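Structure first, then comments.
Protein chains in written order, with my numbering: chain A, 1 to 114; chain B, 115 to 225.
Structure follows, in structure tokens:
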């Protein structure tokens with residue numbers, strides 16, 4: 001399968017713990033996006049990478065959140081000191097730079113903070 | 115940034131055409147409209163996109179009004195597997211070109 005993959009698919013953690021999610025984009029895609037989706041809502045943008053450079057972060061991304069994309073390949077999203085409000089689906093998408101770029105989404109990581 | 119407005123829910127009989135409307139009256143002149151769908155607990159799946167002209171692919175057709183203020187996604191022969199939330203999306207006009215999602219239309223295809 002050559003689509004976007006995410007790991008893990010599900011994560012249950014206790015409040016205060018740190019969690020890390022991984023996204024592997026489609027291999028030739030240079031852009032990578034993270035979104036967050038809560039129940040009943042559409043996905044909301046969190047952050048964006050072009051190659052290894054993180055070019056934008058949403059105000060939703062508090063200082064407990066950090067994302068990296070070393071070498072412009074896979075990306076990780078870490079949440080420190082998780083809170084119950086962090087419970088959501090975390091989606092990763094990748095695309096190739098062009099005017100009518102289409103983002104392709106992974107299956108998501110569903111996080112539940114107890 | 116432009117936003118989209120969609121009806122929250124629609125029903126469609128199996129085998130009939132499903133017509134899903136979207137309003138994007140503030141879209142800029144050179145921005146595309148994208149349609150995705152999301153089946154429960156999965157990531158959004160790309161369906162189709164367009165700029166000015168009508169578009170068709172193996173999944174759906176997209177009709178965009180001449181003034182580009184609205185569009186309609188058409189699933190010509192809906193099946194039970196088309197039951198999903200459908201999102202009409204425009205991108206941010208600067209910076210990252212991130213997608214701006216609304217709350218989508220929950221389409222239920224009825225047997």
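Every residue gets a Cβ at the ideal spot worked out from N, C-alpha and C, and that includes glycine. These numbers come from a predicted model, not from an experiment.
According to DSSP, residue 192/B shares a beta bridge with no other residue. At least one C-beta of chain A is nearer than 7 Å to the C-beta of residue 212/B.
Using a 10 angstroms sphere on the CB of residue 154/B, the tally of other CB atoms stays under 16, which defines it as exposed. Judged by DSSP secondary structure, residue 112/A falls within the beta strand (DSSP E) whose first and last residues are 109 to 113. Residue contact with chain B for residue 72/A: absent (no Cβ-Cβ distance below 7 Å to any residue of chain B). When DSSP states are grouped into helix, strand and coil, residue 117/B belongs to the coil group.
Of all residues in the segment 74 to 93 of chain A, only 91 place a beta-carbon less than 7 Å from a beta-carbon of chain B.
The residue from 38/A, 4/A, 92/A with its alpha-carbon nearest to that of residue 86/A is 38/A.
The continuous beta strand (DSSP E) containing residue 44/A extends over residues 44 to 50. For the 7 Å CB-CB criterion, residue 182/B and residue 214/B do not form a contact.
With 16 or more other CB atoms across the displayed protein chains lying within 10 angstroms of its CB, residue 162/B is buried. In this structure, residue 21/A lies near residue 90/A, with their beta-carbon atoms less than 7 Å apart.
Taking a 10 Å sphere around the C-beta of residue 25/A, we find 16 or more other C-beta atoms and assign the residue as buried. When rounded, the separation of the alpha-carbon atoms in residue 40/A and residue 217/B is 7 Å. The three-state reading of DSSP puts residue 125/B in strand, counting E and B together. If you compare the alpha carbons of 9/A, 88/A, 64/A, 93/A with that of residue 113/A, the shortest gap goes to 88/A.
Beta-bridge analysis with DSSP links residue 134/B to 187/B. Residue 6/A sits in a strand when the DSSP states are folded into three classes.
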